[in-house]
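Q: According to the working numbering, the stretch in the sequence shown is residues -5 to 137, in order.
Handing you this structure, nothing more for now.
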Amino acid sequence: LLFFNPSVVESNPGETPAVDLMMEGFDSGISGYSLYLTLDNPSVASFGEILFPAWVSMNRVVTINSSTVLIQGADLGNQVEPGIPSEKLATISIHANTAGYATLHVDPVMIDDDRHGRYDLVSKTASIVISGAGPSPVIPASQ
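Structure, rendered in structure tokens:
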């Protein structure tokens, strides 16, 4: 499971809140990953700095367009071993540009385990609410 913590981010225009991208269920460890991150309303919220945890010894961020980035990381030191319940993959800073709503999506290209396999993942989104946008949207229970 890939998910964001927090799953709902409330901010004011001009602020830069941070969201952690988490993965749950490292039954076979992790050797590396490649993921697309997308903000569906780049006029309301855009990507800021993306930071990786210390165990990610090689990392890369590629800007695809104004709303999508590709992040890649590798655990060359075998620090995330099999059986760890959850781990942070990245911390994403979001620029709160103007009042409104945006959704942050994660789409995995691949996440490889330590046993030369690949995880089959389910992804969740995060809702970004910038104040002044009006009433808060109804967030489905599956979020």
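C-beta: ideal position from N, C-alpha, C; glycine also.
As the structure is a prediction and not an experimental result, all values here were calculated from the model.
List the whole-angstrom C-beta distance separating residue 97 from residue 122, where the pair is believed to meet the contact cut-off of C-beta under 8 Å.
A: Yes, residue 97 and residue 122 are in contact; Cβ-Cβ is about 7 Å, under 8 Å.
Q: Straight-line CA distance for residue 67 to residue 92?
A: Using only the alpha carbons, I get a separation of about 31 Å.
Q: Looking at residue 16: is its Cβ nearer than 9 Å to the Cβ of residue 105?
A: Going by C-beta atoms, residue 16 is not nearer than 9 Å to residue 105.
Q: Residue -1 to residue 14, Cα distance in whole Å?
A: Answer to the nearest angstrom: the Cα atoms are 5 Å apart.
Q: Measure from the alpha carbon of residue 124 to the alpha carbon of each residue in 33, -3, 83, 3, then state which is nearest.
A: Cα-wise, what sits closest to residue 124 is 3.
Q: Along the chain, where does the beta strand (DSSP E) that runs through residue 96 open and close?
A: Element bounds for residue 96: 94 to 106.
Q: Starting from residue 66, follow its DSSP beta bridges and name the residues at the other end.
A: Answer is 28, 54.
Q: For a test of the three-state rule: what should DSSP assign to residue 79, helix, strand or coil?
A: Strand.
Q: Which same chain residues end up closer than 7 Å to residue 42 when comparing Cβ atoms and leaving out the 5 residues on each side of it in sequence?
A: Correct list, in chain order: 10, 87, 88, 89.
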